[in-house]
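Engineer: My questions all concern the structure below.
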Amino acid sequence: MKNIYERKFTIYRYIPYLDLNYVLKTNHTKNITMYTYRAKVDRVVDGDTLDLVIDLGFKITTLQRIRLRGINTPETYNVKKDSEEYKRGMEAKEYVLKRMEENKYEVMVETNKDVGKFGRYIGVIRLADSLISLNDDLVEKGLAVVAEY
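Using UniProt numbering, read the sequence shown as starting at 1 and increasing by one per residue.
Dropping the structure here:
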């Protein structure tokens, strides 16, 4: 007869391993292992950069700057405020702010563990009221261009 510990082992060894990360194959991820988190928008920095309070689970959160993967919007920093680039950059930022307000500043962020060249995580932002990502939405609206960096 098996003792209680042997029986527990017999039961648990057949539980399949659950892999919580997965490989996305969208145009923004190119087979990179991505992790998905719920987040609250703390600040819209510009059209392609957000400060997010990311929920890691178990009541643990982290404030991180996220750069939208695969796109680029016109700059709003270090450019003249009367320039065309600044105006287009502010238009993109205002659109992102509007989308965040419509979704109560709650988003899903898909990112991997690596940071970009400026120390920001690179990610794809998804909103509850849309089937396409915010990244794709900005390109579709003409507020951003597809860019690899």
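By construction, the Cβ of each residue, glycine as well, lies at the ideal position given by its N, Cα and C atoms.
Since the model is a prediction, treat every value here as computed from it, not as a measurement.
(1) In the DSSP assignment, the beta strand (DSSP E) including Tyr105 goes from what residue to what residue?
(2) In whole angstroms, what is the alpha-carbon distance linking Arg99 and Lys141?
(3) Please classify Tyr95 as buried or exposed, where buried requires at least 16 other C-beta atoms within 10 Å of its C-beta.
(4) Assign Lys87 to one of two classes, buried (16 or more other C-beta atoms within 10 Å of its C-beta) or exposed (fewer than that).
(5) For Val33 and Ile122, I'd like the C-alpha separation in whole angstroms.
(6) Does Lys98 come out as helix, strand or coil in the three-state DSSP assignment?
(7) Taking residue 151 as part of the alpha helix (DSSP H), name the residues at either end of that continuous run.
(8) Are there 16 or more other CB atoms within 10 angstroms of the CB of Gly89, so buried, or fewer, so exposed?
(9) Determine contact between the stretch 50-63 and the stretch 78-86, defined as no fewer than three beta-carbon pairs at a distance below 8 Å.
(10) Could you compute how far the alpha carbon of residue 156 sits from the alpha carbon of Lys113?
(11) Rounded to a whole number of angstroms, what is the C-alpha to C-alpha distance between Ser133 and Val139?
(12) Would DSSP call Asp82 helix, strand or coil?
(13) Please name the residue or residues paired with Ala39 in a DSSP beta bridge.
Structural biologist: To lay it out plainly:
(1) Note, Tyr105: premise wrong, no beta strand (DSSP E); not H, not E.
(2) Using only the alpha carbons, I get a separation of about 13 Å.
(3) Classification for Tyr95: buried.
(4) Here Lys87 is exposed. Its C-beta has fewer than 16 other C-beta atoms within 10 Å.
(5) The residue you asked about is not Val; residue 33 is Thr in the sequence shown. About 12 Å.
(6) Three-state result, Lys98: helix.
(7) In this structure the chain extends from 1 to 149, so residue 151 is not present and cannot be described.
(8) So Gly89 ends up on the buried side.
(9) The stretch 50-63 is not in contact with the stretch 78-86.
(10) The question about residue 156 has no answer, for the chain in this structure spans 1 to 149.
(11) The alpha-carbon atoms of Ser133 and Val139 are separated by roughly 10 Å.
(12) DSSP places Asp82 in the coil class of the three-state scheme, outside both helix and strand.
(13) Beta-bridge analysis with DSSP links Ala39 to Ile54 and Val107.
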